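In what follows, a single structure is set out as C-alpha cells and then discussed.
There are 2 protein chains.
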Amino acid sequence: MRQTETRGEMAEVPDLWLRRVLRVLFERREASRGEIARATGLDSAGVDLAVRRLLRCGLVRLLGPDRSPSGRRREVLALEAEAGYFLAVDLEGTRVRFGLTNLLAEVRYRWEEPVAFGSRFEMRTFARGVEKVLRNLTPEERDRLIAMGVSYSGVIDREGRITAFNLGWKDFPLEQEIACVVDLPFFLGSESLIKLMAEHWQGAARCCGNCFFVHVANGVGFAGLVNGHPMRGRDGNAGEIGHITVDPAAPDRCKCGKTGCLEAIASSPNIVRQYRELAGQSLPKVLLGDQVMEVFHRARSRDPAAIAVIDRAARYLGLALAHAANLLNPEVIVLGGDLIHAQDLFLPRIRAELARHVLPEIYASLEVRFSALGFDSGLIGAACLAFHEALREPALFAKMLRSARSRPASANLARLAAARGSRAVRP
Amino acid sequence: MRQTETRGEMAEVPDLWLRRVLRVLFERREASRGEIARATGLDSAGVDLAVRRLLRCGLVRLLGPDRSPSGRRREVLALEAEAGYFLAVDLEGTRVRFGLTNLLAEVRYRWEEPVAFGSRFEMRTFARGVEKVLRNLTPEERDRLIAMGVSYSGVIDREGRITAFNLGWKDFPLEQEIACVVDLPFFLGSESLIKLMAEHWQGAARCCGNCFFVHVANGVGFAGLVNGHPMRGRDGNAGEIGHITVDPAAPDRCKCGKTGCLEAIASSPNIVRQYRELAGQSLPKVLLGDQVMEVFHRARSRDPAAIAVIDRAARYLGLALAHAANLLNPEVIVLGGDLIHAQDLFLPRIRAELARHVLPEIYASLEVRFSALGFDSGLIGAACLAFHEALREPALFAKMLRSARSRPASANLARLAAARGSRAVRP
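Protein chains in written order, with this note's numbering: chain A, 1 to 427; chain B, 428 to 854.
Below, the structure written as C-alpha cells:
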C-alpha cells in the first residue's frame, strides 16, 4: 500500500491502524515490525506508517535492534509506558482500592479505603480515594490522565443499578453516582470480566484467545474470552454459569428463584449453609469468608460432613465447567476467589469431573490453573479495561495521542513507585 | 481523515477499509454512506474513499437517492450482485448438491447427485457435479469465479479426515481429495456452521450477533455466533453441545465413549433406539430418517412409548440449550434438522425447559425459532462462508477487485436463473 506525502508531512494515518498496532504492543509488550504486520493484518508499508506516527507522538518507543531467529537485525518496539496514566478502582467486598497505573497497566501508586461490614460505602469516600491518588501527580502528569476503570462486584440490573451487600448498596445507580463525584471518563466492568482481563494480560491466561475465569465467592462469577473478545451476549448478561441448573432434582434454592443452580451449591455462603445442615452444628460467628475457610480446614481434618460438602460443590463446579468447555473449547480455565485458599481440595476433584464429562479431543488441550495475580489483579484488570475502551472512544484516543506528545515523563512518579510499599496492603 | 490525490488518481485505499465496507453491504444488502460509517467505525472521508474505489472497480453500485428519516436526500449503495460468483457444495447425507451463487449468495443454478445409502460417494462424482455447474458459464463468467464453499456433515478429526457414514467415508482426507479434482480455492465448513451462516444471512437469525443453530440428525450439531463471530475455540472444536453430559446418571452410552451425553439421548438414531427399547417392538425397516418420522407420527397418535421418548429427548435438548443460553445470552436459537418435522412436538417442550432453567433476565430476551430456509440453506451458507473467507485471503480479495472490473455482467446467467426450476429438487 502506497501513501503519499504532502507539505513535507506524512498523509494522515488511519486511526484504525494506530489502534491495531497499540493493541498488539499492549498484548505482547514488545514486537518487531514484522510481528506487528502478522498480528494486525496490515502490510509492511502500513505498519511502517503507523509506527512512525506513534513514535513521533511518543506513544511508542524503540527498544533497539535485536536479532531475529534467522540472525537478521530487527528493531523491536514497545509502548512508552509513561505516556499516559489511568485511574483504577477495585470495589471489592471488604475494602475499596484505588490505583494509578501507566499505559501498561503497571500499578504506580495505590490507596485503600476500608469498608465497614454492613454499613453503606459512601461516594464521598470514593471521591476521597480518587483524590488521594491524584494529589501525588504533577500538573503535567495530570494532563496525561486518560480515563478510569472501575471493577464492581455484586449484581447489576438492566438500568445499571448495582446491588452489593458488602458495600451496603441496594439498586445503587453507580454510574450516575461516579459521574457526580469524579470528573474523568470512566468504564465499569464486573469483577469477573476485570479479573479475566488481568489474567489475560499478565496472569495465568497470557495470550490465550479462548479462556475462562471462574470466581467463587458470595456467588459464582464467570467471564470468558472467545476468539480474543470478551463474551457479552445480547444484553451483556453472558457468563451466568452460576445459574446453570447442574442438577434439576436438587432441592437447593437459589436467590434467583430457581432450584439446582450451581451458585446455590458451590458459592461460599452455600458451602457454609450445607455444612451447617449436614453437620447439625453451627460455625464460629465470624465473617462469611472466615466461615468458609473453617469448612475447608475441617475437610482437611477429615470431618466427614465437610468432605461431603466440598465433594458436592467441586463435582458440580466441574460439571458446569465441563458444559462450558464442551461448548467453547477453551485453552485455559483460571480459578479464582475463595478457591485459591482450597486448591488442594478443589483441583483434583474439578479435574476428575472435567476428565469425565469433557469430550476427549477438547479435554486433551485444556489446562486448569489458579489465579496467581494476588491483590492487585482488580486494579490491573480495571486499567486494562480502561486502556482498551479508551482506544475505541475517539475523543479519548485523540487525547492519548495528544498528551503523549506534550512533554517527557517526569521523575516524580519514579519516586512514588519507589515508595510503593508505604501503603501496601496485605501481600 | 484526510487523503491526498497524486497524478490525478486517488491514493490507494487500505484493503482493510474496502473489506469492512463490503462486509457491511453483504450483511445489510443496502446502506447509505452514513450507515456504513457507523457500522464500520470509519470516518466519513474514509467511507467516501472506499466507496469511490469500490464503485470504480464495479463491486458496488449506486441504488439512487433515497430520503433519510429526517427528509434529507441520501445515496443508497449495494453490492453489484453479478460482479463475482461462488461455487457452493452441500455434502448432505442423502444427496450431494452443487450450486452457483452470485456475490450475494443467491443461488443462480443448482445440480444434484444422488447418494446410494451405504455405498461410498466417489470424488469423480464430486468433480462431475462441479463441472455440470461450471459448463453453463461463459468464459467471462468463469473469470469471475472466486472460490468454492463446501458444507460437510460427519465428524472431522485433527488431521482434517472426515468420517461420514451416509457418504461411506471413514477417515476420508476430504481437503486433499477436493484439491485433486477441482482447480479452485475452497473453504470447508461443518454443516452446523454453514447453516448458522445461512440463517444469519437470510434466515431466522438475520443480523443477530449472538445466536445459535442446533441441528438434530444423526448427531446433535451446534454452531454459535458470539459478538458476530463464529465460535471456534482453541482447536476449532467449539460447539460440542451433543457431548454435554445432560444426566450423569443416565445409562445411555454415547459413541464418544461417555454416558449421558445429549447426543446419546436426543439424536434421531437414539430416539429410534429408545422407542424400540421402550415399546419392545421394531419399526418398519426403512431409512433411519423415516424411522424417526414414524416415532414422531406415533407420538402424535398418542403412543405412550413414543411420547415418553420425545419428552425425554426434548427435555434434555431444552436443558442443554439452557446451559448454553445462561453462558452466552443469545438473542435467537434456531432449530433445524429433523426437528423441523416435529415442531409441534418439540417446541412447547423445549420452551418449557428454557423457561425453567434459564436465568429470567436472559430468558426475557431469548427467542426460539425454526429454520425456514429449506433445502438451499447448505448452498447459501457455503457461499456466505466462501465470500467471507475470500475477503480475508489477500490473493482472492485482489481477484475479486480485479475480475469485477473486467466486463459487464452478461445476460447468460439471467437466462439460467429463469430456467432455475428445471433441476429443482423437492421444494
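Even for Gly, the Cβ is constructed at its ideal location relative to N, Cα and C.
It should be emphasised that the depicted structure is a prediction, and the values quoted were computed from it without experimental measurement.
Is residue i close to chain A? Criterion is C-beta to C-beta, closer than 7 Å.
i      : result
H670/B : yes
Q750/B : For the record, residue 750/B in the displayed sequence is His; it is not Gln. Cβ-Cβ to chain A under 7 Å: yes for H750/B.
M624/B : no
G660/B : yes
N645/B : no
N529/B : no
H784/B : yes
E758/B : yes
R429/B : Unreliable positioning characterises R429/B in this predicted model, as indicated by a pLDDT of 37, which lies under 50. The coordinate reading is nonetheless provided below. True, the Cβ-Cβ gap to chain A drops below 7 Å.
Counting contacts by CB-CB distance shorter than 7 Å, is residue i in contact with chain B?
i      : result
R420/A : With a pLDDT of only 45 at R420/A, under the threshold of 50, the placement of this residue in the model should not be trusted, and no figure is reported.
H229/A : yes
V226/A : yes
L327/A : yes
A83/A  : no
E240/A : yes
N166/A : no
N136/A : no
V51/A  : no
Could you spell out the range, first to last residue, of the beta strand (DSSP E) harbouring residue i?
i      : result
V459/B : Going by the sequence as given, residue 459/B is Ser instead of Val. Residues E457 to S459.
K597/B : W596 to F599
T521/B : Taken as a continuous stretch (DSSP letters only), T521/B belongs to no beta strand (DSSP E), as it is neither H nor E.
E112/A : V107 to P114
G576/B : L572 to Y579
G129/A : Per DSSP, G129/A belongs to no beta strand (DSSP E); it is in the alpha helix (DSSP H), M123 to L134.
A644/B : Neither: A644/B is in no beta strand (DSSP E) and is coded neither H nor E.
L762/B : V759 to G764
L77/A  : R73 to L79
T163/A : I162 to A164
V673/B : Element bounds for V673/B: n/a, residue is neither H nor E.
E367/A : E367 to F370
Only counting the same chain, and skipping five residues up and downstream in sequence, which positions put a Cβ closer than 8 Å to that of residue i?
i      : result
V451/B : A458, E462, I463, A466 and T467
R276/A : S282 and L283
M123/A : E177, I178, C180 and V181
R300/A : D344 and L345
Please list the partners that residue i has in chain D, where partner means a Cβ-to-Cβ separation under 7 Å.
i      : result
N637/B : Looking for chain D here will not work: the only protein chains present are A and B.
Less than 7 Å between the C-beta atoms of residue i and residue j, yes or no?
i      : j      : result
A314/A : I265/A : no
R128/A : P114/A : no
G660/B : L328/A : yes
G666/B : N654/B : no
G716/B : L689/B : no
A477/B : A631/B : no
Once you ignore the five residues that flank residue i on each side, which residues in its own chain have a CB closer than 7 Å to its CB?
i      : result
L746/B : V673, E780 and H784
I621/B : S578, G805, G808, A809 and L812
E12/A  : none
R161/A : D171, F172 and P173
R423/A : Because R423/A carries a pLDDT of 39, less than 50, the predicted location of this residue cannot be relied on, and no value is offered for it.
A735/B : L705
Would you mind reading off the limits of the alpha helix (DSSP H) that contains residue i?
i      : result
I307/A : P304 to L328
A279/A : S268 to A279
I777/B : Q770 to H784
G46/A  : S44 to C57
G378/A : S377 to R392
E618/B : E618 to Q629
E788/B : P787 to Y790
Return the chain-ordered list of same chain residues with a C-beta closer than 6 Å to the C-beta of residue i, the five sequence neighbours on each side being excluded.
i      : result
A508/B : N529, L530 and L531
R144/A : G84, Y85 and S403
R725/B : A733
V641/B : F649 and L762
Quiz item: What residues from the segment 682–705 of chain B come within 9 Å of chain A, judged by C-beta to C-beta, listed N to C?
Solution: Residues passing the 9 Å Cβ filter: C683, G684, K685, G687 and C688.
Quiz item: Which residues, taken in chain order from the segment 359–370 of chain A, show a beta carbon closer than 9 Å to some beta carbon of chain B?
Solution: From the segment 359–370 of chain A, only L359, P360, E361, I362, A364, S365 and L366 have a Cβ closer than 9 Å to chain B.
Quiz item: Along the segment 714–744 of chain B, what residues have a CB closer than 8 Å to any CB found in chain A?
Solution: Those residues of the segment 714–744 of chain B that come within reach of chain A (Cβ to Cβ, closer than 8 Å) do not exist; the list is empty.
Quiz item: Which residues, in order along the segment 436–457 of chain B, keep a beta-carbon less than 9 Å from a beta-carbon of chain A?
Solution: Cβ contacts with chain A come from A438, E439, V440, P441, D442, L443, W444 and R447.
Quiz prompt | Interface positions of the segment 150–166 of chain A facing chain B (Cβ-Cβ less than 9 Å), listed along the chain | solution = Within the segment 150–166 of chain A, the residues whose Cβ lies closer than 9 Å to some Cβ of chain B are D157 and R158, listed in chain order.
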